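Residue numbers (this note's numbering): 7 to 421.
First the structure, in the form of structure tokens, and then the observations on it.
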């Protein structure tokens with residue numbers, strides 16, 4: 007059955023076709039790639055941090071978790087404030103945050119590096135949250151789904167490149183300088199955005215911008231389908247953050263795999279995701295309901311997640327990580343596009359939903375690496391923490407079962 011609502015759905019701002027949208031597309035894709043390069047780049051390097059700074063695993067996990075906490079804290083407020091600060095300014099601040107990661111090699115101690123890494127959380131929140139309204143301003147509805155798939159693929163590719171390359175880079179330079187390498191594209195991106203980035207010409211320039219009132223935000227978040235999307239995404243990312251943050255160390259300590267190979271295996275999660283999100287976008291164009299896609303994605307993430315740390319042999323680990331990678335990314339284009347399809351949605355409301363996704367999922371991702379590291383310090387094993395986080399991933403399967411059949415047309419509560 008064809009998903010014709012993508013062709014028929016009216017866009018709130020009805021953007022007229024413009025060739026400049028290809029420039030905007032390149033800017034948005036580069037922004038997601040830049041964020042992806044820096045969010046988890048420290049994960050394969052945690053053993054170096056533990057040794058150099060003389061810290062335990064719980065403390066080291068803050069290098070992964072604190073940027074996610076900042077993202078979570080700023081996610082919903084960013085969504086509410088996008089209408090006030092403007093999309094261009096939001097992207098400018100976001101690109102500046104990514105560029106600051108190039109200073110990582112100058113950090114003299116753990117606290118300085120932790121504070122510096124927290125800045126990427128600002129870039130994550132602003133760039134991701136501002137993307138939804140920007141896409142609705144510049145692109146047709148069917149193009150928005152494609153862009154959601156491509157931007158998520160860019161984010162996933164950035165994570166894959168950094169997680170896979172961080173340890174090999176650290177062999178040829180200090181591990182702090184290897185972190186700085188991933189911040190260098192942010193400098194280029196900031197200059198390019200200042201020169202080329204702009205809002206759509208059809209958007210009125212004389213509109214008085216105000217932050218969305220809390221009453222309207224609450225009405226959006228009370229929507230049953232939106233709430234299910236928030237819980238499902240948070241559950242998947244509990245597992246994803248725990249695996250990305252600690253599987254390299256787990257494979258190194260418990261499976262006797264070198265850090266470089268362990269980083270490569272863990273890097274399959276986002277690398278597979280690059281292709282999974284593109285496949286997810288293609289599938290979403292051909293199915294009428296997202297329920298089956300969510301359920302299938304959740305089942306793969308759940309089963310593969312158990313195998314990723316329970317299987318004792320490397321061949322099984324590769325297969326399990328591959329399946330987790332597919333399940334963790336296949337649903338994302340649909341997740342991001344569904345709010346745009348719901349009745350009564352405006353770019354400002356979509357920014358609130360996307361910001362809420364960052365807040366809910368960001369807090370979940372902040373907690374999970376600390377949970378795994380803390381339980382490892384207490385019990386002497388990574389298994390308890392990884393098992394708890396793997397159990398959370400089954401929320402996506404439940405969401406696929408519980409979502410209404412008519413979710414694309416679900417009306418928003420009145421405000």
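We put the CB at the ideal spot given by N, CA and C, even for glycine.
No experiment lies behind these values; they were computed from the predicted model shown.
Output the distance between the C-alpha atoms of residue i and residue j, rounded to the nearest integer angstrom.
i           : j           : result
residue 82  : residue 319 : 42 Å
residue 364 : residue 116 : 26 Å
residue 107 : residue 96  : 18 Å
residue 51  : residue 317 : 24 Å
residue 370 : residue 131 : 15 Å
residue 222 : residue 146 : 26 Å
residue 71  : residue 387 : 20 Å
residue 175 : residue 181 : 7 Å
residue 321 : residue 285 : 25 Å
residue 299 : residue 292 : 11 Å
residue 248 : residue 114 : 27 Å
residue 383 : residue 406 : 36 Å
residue 45  : residue 274 : 16 Å
residue 120 : residue 58  : 14 Å
residue 422 : residue 283 : Residue 422 is absent from the structure shown; the chain starts at 7 and stops at 421.
residue 306 : residue 313 : 11 Å
residue 258 : residue 56  : 14 Å
residue 389 : residue 30  : 44 Å
Determine the DSSP secondary structure at residue i, reduced to helix, strand or coil.
i           : result
residue 136 : helix
residue 461 : The requested residue 461 is not part of the displayed model; the chain covers only 7 to 421.
residue 220 : helix
residue 261 : coil
residue 204 : coil
residue 193 : helix
residue 409 : coil
residue 124 : helix
residue 380 : helix
residue 234 : helix
residue 142 : helix
residue 72  : helix
residue 228 : coil
residue 24  : coil
residue 199 : helix
residue 368 : helix
residue 252 : helix
Taking 9 Å as the cut-off, decide whether the C-beta atoms of residue i and residue j are in contact.
i           : j           : result
residue 197 : residue 366 : no
residue 135 : residue 361 : yes
residue 335 : residue 67  : no
residue 39  : residue 93  : no
residue 37  : residue 195 : yes
residue 127 : residue 65  : no
residue 280 : residue 303 : no
residue 243 : residue 359 : no
residue 104 : residue 43  : yes
residue 172 : residue 47  : yes
residue 156 : residue 350 : no
residue 328 : residue 392 : no
Would you kindly report the start and end of the unbroken alpha helix (DSSP H) that includes residue i?
i           : result
residue 51  : First-last for residue 51: undefined, no H or E at that position.
residue 94  : 93-106
residue 33  : 27-45
residue 154 : 147-176
residue 113 : Unbroken run through residue 113: none, as it is neither H nor E.
residue 388 : Residue 388 -> no alpha helix (DSSP H), and no H or E assigned at all.
residue 306 : 297-316
residue 323 : 320-335
residue 65  : 63-66
Using a Cβ-Cβ distance cut-off of 9 Å, determine whether residue i contacts chain D.
i           : result
residue 148 : Of the protein chains in this structure there is only one, and it is not chain D.
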